[in-house]
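The sequence shown begins at 1 in full-length UniProt numbering and counts up by one.
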Amino acid sequence: MDLTLISERVSELEENETAQDKDVQLLRQEILCLHEQQDALQAQAEDLENRSPRAQTDRYQRIYPSICQSILGWEEVKDLQLDHINRAGQPGGTGSRPPDMLVCVHNFQIKEDILKMASTKQPILFRDHTLSLFQDVSLLTLQHHRQFKPITEFLRSQEVTYDWWHPF
1 MDLTLISERV
11 SELEENETAQ
21 DKDVQLLRQE
31 ILCLHEQQDA
41 LQAQAEDLEN
51 RSPRAQTDRY
61 QRIYPSICQS
71 ILGWEEVKDL
81 QLDHINRAGQ
91 PGGTGSRPPD
101 MLVCVHNFQI
111 KEDILKMAST
121 KQPILFRDHT
131 LSLFQDVSLL
141 TLQHHRQFKP
151 ITEFLRSQEV
161 TYDWWHPF
């Protein structure tokens with residue numbers, strides 16, 4: 001064999017090795033990226049599972065009657081049936097703030113009693129935490145409320161009581 005031919009062959013093999021090293025580095029980076037995506041998806045799946053009505057209803061079904069007793073001053077919460085409880089918004093809340101919760105109370109009158117008492121009893125303290133209770137309304141309704149904000153602020157400053165009627 002000719003020495004030049006061997007030299008060309010060695011150069012070609014070295015170029016191939018360099019190209020393969022680059023390919024291996026790219027594959028390692030892609031694997032790391034896939035692991036990060038997998039971790040994020042697992043965390044999201046776990047969070048979604050934790051937000052499921054089944055998981056939340058079991059956990060908060062015991063706490064919510066105590067909150068209602070505190071707000072309404074009831075000795076015992078009777079006929080409090082919760083259809084479901086879900087976390088809303090960002091997982092885990094922000095900082096030391098607990099997550100927002102959506103609670104669907106089955107009995108309309110009990111829900112109205114809770115909201116009415118909550119609006120007159122401020123702040124609502126429960127286990128060293130301040131709670132705020134709001135009726136769950138659509139985004140469009142919230143936008144309508146915001147349009148009336150200057151009026152409602154004026155009414156509050158004059159200590160005028162008001163209530164939102166349908167459709168806002």
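Where a beta carbon is used, it is the ideal one built from N, C-alpha and C, also for glycine.
With 16 other Cβ atoms within 10 Å as the buried cut-off, status of residue i
i, result
"residue 40", "exposed"
"residue 93", "Because residue 93 sits at a pLDDT of 49, beneath the cut-off of 50, its placement in the model cannot be relied upon, and the following sentence gives the value as read from the coordinates. By the 10 Å Cβ count, residue 93 comes out exposed."
"residue 19", "exposed"
"residue 68", "buried"
"residue 64", "buried"
"residue 31", "exposed"
"residue 85", "buried"
"residue 10", "exposed"
"residue 103", "buried"
Inter-residue CB distance, residue i and residue j (contact presumed, cutoff 8 Å)
i, j, result
"residue 71", "residue 110", "The Cβ separation is near 11 Å, so there is no contact."
For residue i, the nearest candidate out of the options (CA to CA)
i, options, result
"residue 121", "107, 147 and 73", "73"
"residue 105", "136, 119, 25 and 130", "136"
"residue 145", "4, 28, 128 and 163", "163"
"residue 161", "119, 80 and 5", "119"
"residue 117", "4, 127, 132 and 150", "132"
Coil, strand or helix - residue i by DSSP
i, result
"residue 161", "coil"
"residue 102", "strand"
"residue 169", "In this structure the chain extends from 1 to 168, so residue 169 is not present and cannot be described."
"residue 93", "A caution first: residue 93 carries a pLDDT of 49, below 50, which makes its placement in the model too unreliable to give a value."
"residue 155", "helix"
"residue 168", "Confidence at residue 168 is low in this model, with a pLDDT of 48, below 50, so the placement of that residue should be treated as unreliable; the coordinate-derived value is given next. Residue 168: coil per DSSP, three-state reduction."
"residue 134", "coil"
"residue 148", "coil"
Please list the segments of the beta strand (DSSP E) lying wholly inside the region 2–51, counting only runs of 3 or more residues, in order along the chain. Segments of the beta strand (DSSP E) lying fully in the region 2–51: there are none.
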